[in-house]
Amino acid sequence: LIVSFKGARGGYALARGADRITLRQVIESVEGPYMLSRCQQTAYCCSNTAPGCRFQGIYDEISALVRKKLDSYTFAVLKDGDAADRTDAAKQDT
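No gaps in the numbering here: position 78 of the sequence shown is 78 in the numbering used here, and each next residue is one more.
Right, here's the structure in full:
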């Protein structure tokens, strides 16, 4: 997502265009894959992960929706201040 440059004039820059970096990529690069509940991770599963567990499927569905929404926001959209406009438009679509 970013590249660094050494030296007196060094610093950081985006590794690709702002229109190609999503909010999801940034969040997941720091926190790992987005999941609504930690029970979606194998290490934290309870005994209710059998096929009869209704929560797992619900959490998976909600997580997929959130990931899709996070993918819809790029740094370019956030930088230009269009995020609020985009949110208002999304509300009208529902």
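From the three backbone atoms N, C-alpha and C, an ideal C-beta is built for every residue, glycine too.
(message) Which residues does DSSP list as the beta-bridge partners of Leu-65?
(response) On the sequence shown, residue 65 is found 65 positions in, with the first residue counted as 1. Answer is none; Leu-65 lacks a bridge partner.
(request) Can you give me the Cβ contacts of Gln-40 inside the same chain, cut-off strictly under 6 Å, excluding the 5 residues immediately before and after it? (result) Along the sequence shown, read from residue 1 onward, the residue named residue 40 stands at position 40. Once the five neighbours on either side are set aside, the close Cβ partners of Gln-40 are Tyr-59.
(request) Compute the beta-carbon to beta-carbon distance between Leu-1 and Ser-29, rounded to the nearest angstrom, for a pair I have assumed lies under 8 Å. (result) Counting from one through the sequence shown, the residue named residue 1 turns up at place 1. Counting from one through the sequence shown, the residue named residue 29 turns up at place 29. Sure, about 6 Å apart at Cβ, within 8 Å.
(message) Please report the distance separating the alpha-carbon of Thr-42 from that of Arg-24.
(response) On the sequence shown, position 42 is the one that residue 42 refers to. On the sequence shown, position 24 is the one that residue 24 refers to. In a straight line, the C-alpha of Thr-42 is about 21 Å away from that of Arg-24.
(request) Mind checking who Leu-14 pairs with in its DSSP beta bridge? (result) One-based indexing of the sequence shown puts residue 14 at position 14. Bridge partners of Leu-14: Ile-2.
(request) Could you pull out every residue in the same chain whose Cβ sits closer than 6 Å to the Cβ of Tyr-12, ignoring the five residues on either side in sequence? (result) Along the sequence shown, one-based indexing puts residue 12 at 12. If we look at Tyr-12 and ignore the five residues flanking it on each side, its Cβ neighbours are Ile-2, Ser-4.
(message) Is it buried or exposed, Ile-21, if we count other Cβ atoms within 10 angstroms and call 16 or more buried?
(response) Translated into the one-based positions of the sequence shown, residue 21 becomes position 21. So Ile-21 counts as buried.
(request) Work out the CA separation of Arg-38 and Glu-61 for me, nearest whole Å. (result) Here residue 61 is taken as the residue at index 61 of the sequence shown, counted from 1. Here residue 38 is taken as the residue at index 38 of the sequence shown, counted from 1. Approximately 14 Å between the Cα atoms of the pair.
(request) Specify, as a first and last residue, the run of the alpha helix (DSSP H) that Arg-24 falls within. (result) Numbered from 1 along the sequence shown, position 24 holds the residue referred to as residue 24. 23-31 is the span of the alpha helix (DSSP H), which, as asked, contains Arg-24.
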